[in-house]
Amino acid sequence: MTQVFHSIEPLAQLLYEHISKGEDVAFVPTMGALHEGHALLMEEAKKHQPIVVASIFVNPTQFNDKKDLEKYPRTLEKDVVICNGAGLDYLYVPEVFEIYPPSLNTELNLDLEGLDKVMEGAFRPGHFDGVCQVVKRLLDLVRPTHLYMGQKDFQQFTIIDFMIKKLDIPVKLVVIPTSRQKSGLARSSRNARLSTKGRQKAATIYRTLKSIEEKKHELPVPELESYGMKRLKKAGFEPEYVTISDGTTLQPLKVLEPGQYAVVCVAAWLEGVRLIDNLVL
Ligand code: AMP
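To convert, note that position 120 of the sequence shown is 1594 in the numbering used here; the numbers rise steadily by one, no gaps.
In structure tokens:
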């Protein structure tokens, strides 16, 4: 049974005992409204580490759009059932004041060296400052040996990897491939806000990514991107970007070199819901 904690002290005590015994502790930070993608992260972590702790915290500092924050689904009871099913040991559900005590300056002011200026960063200014701030704070509180994140948020894990190295944080990042529905739609907490028809249509995002992958040797990069934008618009989306970037620097590419680590990332609105996805090319 997953043990649920709303404050860090008793949890930190237990985790300290595990670490003292030489047991590694994996950590899976989430914003709740858990789905099979989150369960997969927890199960993967549990396969490889003896102790797994997840957190549910809808982090206010990473939402530049207040309405998006208010509308973010909150389903704690159902989430605990999913955590149990995934074999999670501990679930940390903190209050805002524990993560951001008024007496503590938790702002990092980290220079992300341009990683935060493209794609999600360009459309959601300040988003990655908030993401780094909350992940650093959670790592300080939980002190895990391993951090598990999903490839679903490509730019996010790339930036967290950069932060871990830059701040020399003693944690090992493990990235798990995106969990998808049969249709190809990437599992996301936001999918719950789509209609049944919308969810079917949303699978066009993955189909578009796959077509771009298939055409990557036929068309130049700008044409691949504009093909993606056009296809999504035609299907009724309002796409923000379809961008092909270097997988490490996240800088947009003009040309795809053979063997290059490149990724195509998409953000598009459907039925008032903002969806993101990506595919390594
Ligand atoms: P979130 O609750 O959306 O902030 O996500 C928490 C963690 O779960 C992040 O590391 C995400 O990348 C990961 N995640 C979300 N959706 C998926 C998915 N479909 N497949 C794999 N990982 C996911």
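Here a beta-carbon is modelled for each residue, glycine too, at the ideal position from N, C-alpha and C. In this text, all values refer to a predicted model and were calculated from it rather than measured experimentally.
- Unbroken alpha helix (DSSP H) stretches of 4 residues or longer found wholly inside the region 1597 to 1685: 1601 to 1616, 1628 to 1640, 1670 to 1676, given in chain order.
- In this structure, the CA atom of A1507 is about 35 Å from the CA atom of K1690.
- For the beta strand (DSSP E) assignment, the region 1573 to 1598 encloses no uninterrupted run of at least 3 residues.
- Annotation for G1658: A1677, Y1680, R1681 place their beta carbon closer than 7 Å to its own, counting only its chain and skipping 5 residues before and after.
- Less than 8 Å separates the beta-carbon of V1740 from that of I1750.
- Counting every other CB atom within 10 Å of its CB across the protein chains shown gives Q1725 a total below 16, marking it as exposed.
- Straight-line measurement puts the Cα of L1730 at about 13 Å from the Cα of E1688.
- Under DSSP, N1752 takes part in a beta bridge, and its partners are C1739.
- Burial check for L1550: the Cβ neighbour count within 10 Å stays below 16, so the residue is exposed.
- For D1498, there is no enclosing alpha helix (DSSP H), as DSSP marks it with neither H nor E.
- Take the alpha-carbon of E1491 and the one of Q1536: they are about 32 Å apart.
- Sixteen is the threshold: when 16 or more other Cβ atoms of the shown chains lie within 10 Å of the Cβ of M1623, as they do, the residue is buried.
- The C-beta separation of I1718 from E1745 comes to about 26 Å, leaving the pair out of contact by the 8 Å criterion.
- With contacts defined as CB atoms closer than 8 Å, I1525 and A1500 qualify as a contacting pair.
- Fewer than three pairs of CB atoms, one per stretch, sit closer than 8 Å, so the region 1632 to 1640 makes no contact with the region 1509 to 1523.
- Exposed is the label assigned to A1666, since fewer than 16 other Cβ atoms lie within 10 Å of its Cβ.
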